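Trainee: Below is a structure I'd like to ask you about.
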Amino acid sequence: MTKTKLSEVLDYEKVLNEEQLRIVKEGEGHCLVLAGPGSGKTRVLVYRVCWLIERGILPSSILLVTFTNKAAREMITRVEKLIGSYPKGLWAGTFHHIANILLRRYGNVLSIPENYTIIDEEDSLSILKKITEKVDTQEEFLKVSDIKKIFSLSVNTVESIKDVVNTRFPDYSSFIHRLETIWSNYQKTKRKLNLMDYDDLLLFCYKLLKNESAGAKISGNFRYILVDEYHDTNRLQSLILYQLARVNKNIMVVGDDAQSIYSFRGATINNIMEFTRIYPGARIFYLDINYRSTPQILDFANKSISQNHIRYPKTLKSVRKIGVKPVVVKCYSPKDEAIFVSQRVFQLLNSGIPPEDIGILFRSRYQSAELEIEISRLKIPYIIRGGIKFFEQAHIKDIMAYFRVLENIRDEVSWRRIFSQTEGIGSKTADRLLPYISGLNCLDEFVEITEKEEFGIRRDTAIKSLVSLLKKIQVQENIQQGIKLIMEARYSEYIAKKYKDEIERYEDIEMLKEIASTYSSLEDFISAASLQEYAKGERTDGASPLVLSTIHQAKGLEWKVVFIIGVSANHFPHPSSTMDIQALEEERRIFYVALTRAKEDLYITYFTRDFYRTFTNRPSSFLEEIPEYLYEKWNF
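Okay, here's the thing in structure tokens:
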């Protein structure tokens with residue numbers, strides 16, 4: 335599309351407010367855009383990309399970093415609709431997605447083979463478990479999940495394991511030496527098997543960018559860098575962005591300090607608070623006009639977040655008409671709270687409000703237990719956000735294992751998965767085969783190993799059958815045919831024997847075929863599967879049920895009616911945060927995120943008797959600091 339035609343289509347002045355327009359047109363150099371909830375930040379990013387393309391900037395020199403790959407796809411679609419053609423070459427996706435592409439393309443600089451396999455959390459824990467078992471732990475040791483958490487925090491905060499343990503887990507200080515040994519063995523195992531976990535993608539991407547020749551080339555390619563949800567970045571991601579921007583010195587980050595709520599993952603509010611120190615001369619823009627919530631909801635939210643000290647002072651202003659005040663509901667017990675919310679939801683549904691317009695939010699997952707019982711009793715369909723992700727389901731991982739070993743023959747985790755589902759190959763045979771895996775270079779070498787006499791006739795038949803299947807998959811024209819072969823050869827029968835819900839799992843595998851049909855390259859398919867975020871239970875037919883969600887899972891979403899439950903002392907804020915000012919302020923930011931999900935009606939509930947009715951409870955301190963004239967009070 336020519337510049338003239340594009341200008342005719344995009345009437346920037348008509349669709350953007352004054353500050354949005356200024357950001358789109360004047361966002362050169364280092365810029366921090368402080369965008370409150372519902373202020374149109376996505377629109378600004380999309381129109382900024384269009385503005386750059388209109389002025390002759392090649393899409394391939396624009397980098398758009400998003401919090402989810404889904405958000406990136408949606409932004410690209412919007413850009414395509416606006417400019418009338420697909421922005422071919424535009425770099426868009428999460429940090430992990432971008433890092434993966436860069437490592438596949440330039441990883442040889444760090445001696446990283448381009449056919450590495452990305453392992454998910456479950457596979458990572460499986461490897462760590464085996465390594466930990468070999469470490470001499472004479473006393474009770476940590477859970478593998480805790481070990482992984484420490485390692486992940488160490489990478490993402492750019493702190494040593496010793497520092498992470500001493501500052502965050504002081505009770506584990508006696509385990510530091512063993513943790514360092516396990517970490518070293520974990521790294522060696524992954525390199526030996528040509529595996530990368532999610533943290534490795536970021537760590538090695540940073541190392542790649544620090545390489546003088548490769549780093550300068552990559553950074554020089556990106557004339558414009560746009561970053562969404564900057565308040566959710568961690569220290570390592572901040573360093574990656576700094577390296578990416580070092581040549582052209584053109585980075586615009588969009589975020590909101592008031593929505594920084596992921597410190598448990600290693601994210602830090604310091605990135606956004608110290609942006610002008612990191613990038614001297616950076617300009618700050620404010621998006622404070624809210625298009626989502628009524629003035630009454632914003633008055634409540636503004637008052638709440640104003641109690642924080644670590645913040646950029648700003649006040650959200652609504653463009654909507656006067657609405658109703660938020661309602662704070664006092665209940666006797668968690669059960670009474672659940673009865674009130676479920677009955678109120680039932681009334682709203684009967685009044686004609688669609689279930690997808692209602693969201694019920696809570697600080698911690700356990701708080702929904704009573705509510706789920708009451709909602710089920712009223713036969714109201716609902717989903718819990720944050721369910722198992724599609725590619726993390728056992729049967730999907732079983733199918734993917736075949737493709738993973740064809741892409742990376744040394745992927746021991748996937749070989750183990752295949753062996754476990756292959757009749758005739760028991761755990762003992764698998765344990766004898768697995769030590770050979772790390773030395774393989776191709777499938778034929780695996781065949782040579784299995785011809786050893788020690789594997790026996792019946793097992794030899796099973797292995798030959800397995801190798802035959804892998805070779806058939808290898809020569810198929812497309813991935814769907816490979817999936818079909820796996821199902822016909824063994825897996826359809828395996829599912830029927832192992833699972834009671836085999837019909838639903840067959841449907842998942844049909845969905846897998848559909849997803850696979852959009853990829854021509856096995857490498858791209860496996861990478862997408864490893865990094866994707868499609869959660870099982872997500873509806874694509876538009877028929878969305880009532881949503882129950884933790885506040886963290888609800889970030890970025892909105893509903894016409896929102897219930898925030900369990901806003902009681904000793905539950906929200908989390909008890910562990912009350913003695914730490916920074917932790918307490920993050921809890922208040924979590925509350926603020928919940929408040930600003932509501933468009934028209936907001937109900938906040940608390941109970942005066944705890945779960946076991948052993949002591950009297952107060953409303954949360956977050957409610958006590960709000961003037962009573964800003965809300966209605968109900969009793970139930």
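Just so you know, we're using the working numbering here: the sequence shown kicks off at 335 and counts up by one. No residue lacks a Cβ here, since even glycine has one placed at the ideal position from N, Cα and C. Keep in mind it's a predicted model, so treat the numbers as computed, not measured.
May I have the straight-line CA-CA distance separating I606 from S676, to the nearest angstrom?
Mentor: Each residue's alpha carbon lies about 39 Å from the other.
Trainee: Please classify K651: does DSSP put it in a helix, a strand, or coil?
Mentor: DSSP places K651 in strand when its eight states are reduced to three.
Trainee: Measuring only the C-alpha atoms, how far is N568 from F609?
Mentor: The straight-line gap from Cα to Cα measures roughly 13 Å.
Trainee: Kindly give me the distance between the Cβ atoms of F956 and C665, rounded to whole angstroms, as I take these residues to be in contact under 8 Å.
Mentor: Not really, about 17 Å apart at Cβ, beyond 8 Å.
Trainee: What residues are listed by DSSP as bridge partners for G589?
Mentor: For G589, which the question treats as bridged, DSSP gives the partners L368.
Trainee: CB-CB under 7 Å to I960, same chain, minus the five flanking residues each way: which ones, in chain order?
Mentor: If we look at I960 and ignore the five residues flanking it on each side, its Cβ neighbours are F634, K637, S638.
Trainee: Beta-carbon separation of N528 and R751 under 8 Å?
Mentor: For N528 and R751, no; Cβs fall outside 8 Å.
Trainee: Following the continuous alpha helix (DSSP H) through T753, name the residue where it begins and the one where it ends.
Mentor: Note that residue 753 is Phe in the sequence shown, not Thr. Here the alpha helix (DSSP H) through F753 covers 746-754.
Trainee: Going by beta-carbon coordinates alone, are L535 and A433 separated by less than 8 Å?
Mentor: Their beta carbons are under 8 Å apart, which means L535 touches A433 by this criterion.
Trainee: Put F984 into one of helix, strand or coil per three-state DSSP.
Mentor: The question about residue 984 has no answer, for the chain in this structure spans 335 to 970.
Trainee: Alpha carbon to alpha carbon, how far is Y716 from R678?
Mentor: If you take the alpha carbons of Y716 and R678, they lie about 15 Å apart.
Trainee: Do you know how far the Cα of I771 is from the Cα of F780?
Mentor: Taking the straight line from one Cα to the other gives about 8 Å.
Trainee: Please determine if the region 917-935 and the region 880-896 are in contact, where contact requires at least 3 C-beta pairs separated by less than 8 Å.
Mentor: Cβ pair count under 8 Å is three or more, so yes.
Trainee: Measure the alpha-carbon distance for V330 versus T515 and round it to whole angstroms.
Mentor: Absent from the structure is residue 330, since the part of the chain shown begins at 335 and ends at 970.
Trainee: Beta-carbon separation of G816 and F737 under 8 Å?
Mentor: For G816 and F737, yes; Cβs fall inside 8 Å.
Trainee: With respect to the alpha helix (DSSP H) encompassing Y532, which residues constitute its N-terminal and C-terminal limits?
Mentor: Residues 532-544.
Trainee: Does DSSP put F503 in a helix, a strand or coil?
Mentor: In the structure shown, F503 sits in coil (DSSP, three-state: anything other than H, G, I, E or B).
Trainee: Run through the DSSP bridge pairs and tell me what P953 is partnered with.
Mentor: Per DSSP, S902.
Trainee: In its own chain, which residues sit with a C-beta less than 7 Å from the C-beta of N584, not counting the 5 before and 5 after it?
Mentor: Answer for N584: E362, G363, R557, Y558, I559, listed in chain order.
Trainee: At which residues does the beta strand (DSSP E) containing N351 begin and terminate?
Mentor: Segment: none, N351 is in no beta strand (DSSP E) and carries neither H nor E.
Trainee: Among C776, I694, G589, which residue has its Cα nearest to the Cα of A369?
Mentor: Looking at the Cα atoms, G589 is the closest of the given residues.
Trainee: Between which two residues does the beta strand (DSSP E) carrying F941 extend?
Mentor: Element bounds for F941: 932-941.
Trainee: Indicate the three-state DSSP secondary structure (helix, strand or coil) for K664 in the structure shown.
Mentor: In the structure shown, K664 sits in a strand (DSSP, three-state: E or B).
Trainee: Given this structure, state the Cα-to-Cα distance separating F538 from L437, to the nearest angstrom.
Mentor: Cα to Cα, the separation comes out at about 8 Å.
Trainee: Here's a check: name, in chain order, each residue in its chain whose Cβ is nearer than 6 Å to the Cβ of R626, leaving out the five neighbours to either side.
Mentor: Excluding sequence neighbours, R626 sits near G372, E892, K933.
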